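Going left to right, the sequence shown walks through residues 0 to 149 as numbering that gives the first Met the number 0 numbers them.
Just so you know, even glycine gets a beta-carbon here, dropped at the ideal spot from N, CA and C.
This one's a predicted model, so the numbers in the text were calculated from it and none came from an experiment.
Step one of this worksheet: look at the structure below.
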Amino acid sequence: MCEICGTVRRIGTIHTPFREISEVPRQSNIVSEICRIEIFREYEEGLKDIETFTHIIVLYWLHRVSGFSMLTKTPWDDRLHGVFATRSPYRPNPIGLSVVKLIGREGNVLIVSGIDAVDGTPLIDIKPYVPKFDEKPNANAGWLDKTERK
């Protein structure tokens, strides 16, 4: 079994108005606050042409989360679900993902809205959101389709 498979490099820092985990909205689609993603200077060249996209996929390390359980409850119902069938941050590898609106770029800083991360979160990757590749028109929401938010 591979305990650690490779290396994850921190490429920047996410700056948000959310100082505590309890302040962070549960999902990125309900975040309207403007946030800044600072890319470390040695990776700035990798941002070339990023501003031509309206949305980007942001991957980050949930550094303030500790521990995990393979079964978890969610705010959407009281049943236990496998952690991989949820968006719980409490997982074996606490990696966060948000599809955010790219508002602009100022050198090595991206201005975005729609990211659900605490201030100071380590950035691990950015990818362009490409509707032709990323949109899945026939996708369903699994067990979530049968629930209503509490």
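Residue span of the beta strand (DSSP E) that contains Asp-133, given as start and end:
Taking the first residue of the sequence shown as 1, we reach residue 133 at position 134. Asp-133: not part of any beta strand (DSSP E); member of the alpha helix (DSSP H) spanning 130 to 133, first to last residue.
May I have the straight-line CA-CA distance separating Pro-91 from His-62, to the nearest angstrom?
Along the sequence shown, read from residue 1 onward, the residue named residue 91 stands at position 92. Along the sequence shown, read from residue 1 onward, the residue named residue 62 stands at position 63. Each residue's Cα considered, the two are about 12 angstroms apart.
Quick one: Cα of Val-98 to Cα of Arg-40, how far?
Translated into positions along the sequence shown, residue 98 becomes position 99. Translated into positions along the sequence shown, residue 40 becomes position 41. Between Val-98 and Arg-40, the C-alpha separation is close to 23 angstroms.
Buried or exposed: Val-129, going by 16 or more other Cβ atoms within 10 Å of its Cβ?
Counted from its first residue, the sequence shown places residue 129 at position 130. Classification of Val-129: exposed, given that the 10 Å Cβ count is below 16.
Could you please give me the residues that DSSP links to Glu-37 through a beta bridge?
Walking along the sequence shown from the start, residue 37 turns up at place 38. In the DSSP output, where bridge partners are listed per residue, Glu-37 has Thr-12 and Val-108.
Applying the 10 Å Cβ sphere with the 16-neighbour rule, what's the burial state of Ile-114?
Position 115 of the sequence shown, counting from 1, holds the residue named residue 114. Buried, by the Cβ-count rule.
Backbone CA spacing between Glu-44 and Val-7 [nearest angstrom]
Here residue 44 is taken as the residue at index 45 of the sequence shown, counted from 1. Here residue 7 is taken as the residue at index 8 of the sequence shown, counted from 1. Distance between the alpha carbons of Glu-44 and Val-7: 19 angstroms.
Verify the CB distance criterion: does Pro-74 have a CB-CB separation below 9 angstroms to chain B?
Structure shown: chain B not included; a single protein chain is present.
Please list, in chain order, all residues of the same chain as Ser-87 whose beta carbon is under 6 angstroms from its beta carbon, the five residues on each side excluded.
Against the sequence shown, residue 87 aligns to sequence position 88. Cβ neighbours of Ser-87 beyond the five flanking positions: Thr-71.
Whole angstroms is fine: what's the gap from Ile-13's alpha carbon to Ile-49's?
Along the sequence shown, read from residue 1 onward, the residue named residue 13 stands at position 14. Along the sequence shown, read from residue 1 onward, the residue named residue 49 stands at position 50. One C-alpha to the other measures close to 17 angstroms.
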